[in-house]
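Structure first, commentary second.
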Amino acid sequence: MGKLVSFRKKSNQGAAQKALKRSTSVFTGTDEQLIRKRKPSKPLHVIQPSVVEATARSFLSAFPGKVLYAVKTNPHESVIAALGKAGVSAFDVASIEEVRVVRAHAPKAEMYFMHPIKTPEAIREAYYRYGVRHFVLDCEDELYKIIRETGLATDLKLHVRLALPKNTGASIDFSSKFGATPMEAAQLLRKCRTVSEKLGLCFHVGTQISDASVFHNALALAKNVIAESRVSVEMLDVGGGFPVSYTGESVPSIETCMDVIRKGVRDAGLGHMELLAEPGRALVAEGGKLVARVELRKGNLLYLNDGTYGGLFDAGPLLGTRYPVRAVRGEGVFEGGTMDFRLAGPTCDSLDMMEGPFTLPADIRMGDWIVFENTGAYSQTMRTDFNGLGKCDTVLLA
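Residue numbering for the sequence shown follows our numbering, starting at 4 and increasing by one per position.
Written as structure tokens, this is what we have:
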């Protein structure tokens, strides 16, 4: 164990919980009933814990190893609770604030600090106050930092982050910022072996992948790195990237991804290792909806009270996600057919645009609402207060 370090008793958990709650209530019924009853004037995040729980159970039964939920995706307490009910007992955290949130709502959970670059203060607090033992790194300086800040601890479980070749089939490639080259990773494994109770190798194929074969290729590379290191490695983390099907996207199913991973592990002869995964979007996207109100219409352009600086970041210029959408009218019905629309968020920035196209009733008008499906991932965590327009409410749909 590392040496004892003194901490002030004052905890930051209260601030973390307040930041997440943002006015949360519970409603029994459908989302349309909710909208017609409350007529929300602010953007509304709708969380369905039962859907999160069911999706997580399905993933857990399909993955041949330990599942670490990526907290950055959606750290709302109801989500963490639903995942716990499903059987998720380990969490991938990227900051000390996420560590605090998990400990507040899942006191017995095991945490994996999977950000390759951490502050000394975060390492110390995670290790001494919250009992975190799993840390990822991708360079020698980070290794020495972890060793120093944990007081030469003998119970560390270190994971070396391997950079993969650029994945053009991912919405965002995750190896351009983090990860060691194969040669560097092999050397790091050797250095970590002498100070690590358990040793792991990890990688990330990128977010929202379009081709599951990237897992097989990454596992083949991992095999070579482990062989080159000439040390025993007990854990292998295949990261995240498990996709969700949005409008107009062709992505592999979770079952296909699992088949490829099993085959990749088998072909690489790595079946003796503890297998880990870090799903985020795949567990929670379908358990969330976002409700936005139409504030103005100009032809095929609808101005909403939420946008890319709010809960619809993924629909913006970077990713262009086309969430499935429905329109709800407070009174009366929509008449006629449908047409394609562009959407604009409420801020003064011209980047606050969602080109879609989004298919909605042709007679949609100011005062109607749009329900964006499958927004349970990143919608809340990417929200900002730009222009003072970050206010929103959260409702749990029972």
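The C-beta atom is built at its ideal place from N, Cα and C for all residues, glycine as well. From a predicted model like this one, the values you see are computed outputs, not experimental measurements.
- Leucine 86 sits close to alanine 59, with the two beta carbons spaced by under 8 Å.
- Straight-line measurement puts the Cα of leucine 299 at about 51 Å from the Cα of glycine 134.
- Shown here, glutamate 152 sits in a helix according to DSSP, grouped into three states.
- A Cβ-Cβ contact shorter than 8 Å links methionine 369 with valine 297.
- The beta carbon of phenylalanine 344 sits closer than 6 Å to those of Asn303, Leu305, Phe361 and Leu363, all from its chain and outside the five residues before and after it, given in chain order.
- A check of alpha carbon separations from glutamate 145 across Arg329, Cys195 and Gly379 identifies Cys195 as the nearest.
- Secondary structure note for serine 61: its alpha helix (DSSP H) is the uninterrupted segment 52 to 65.
- One alpha carbon belongs to phenylalanine 138, the other to alanine 280, and they sit about 15 Å apart.
- Counted as a single uninterrupted DSSP element, the alpha helix (DSSP H) harbouring serine 81 occupies residues 80 to 89.
- Distance from the Cα of glycine 310 is smallest, within the candidate group Tyr147, His48 and Glu231, for His48.
- Straight-line spacing of the CA atoms in aspartate 371 and arginine 136 works out to 50 Å.
- For the stretch 318 to 348, not one full-length alpha helix (DSSP H) segment reaches 4 residues or more.
- Taking 8 Å as the cut-off, the beta carbon of asparagine 308 is found no closer than this to the beta carbon of proline 246.
- Apart from the 5 residues on each side of it in sequence, glycine 393 sits with its Cβ closer than 6 Å to the Cβ of Arg386 and Thr387 in its chain, given in chain order.
- For histidine 48, the three-state secondary structure derived from DSSP is strand.
- About 5 Å separates the CB atoms of valine 55 and valine 287; that is less than 8 Å, so the two are in contact.
- Inter-residue distance for glycine 244 and glycine 182 is about 16 Å (C-alpha atoms, whole angstroms).
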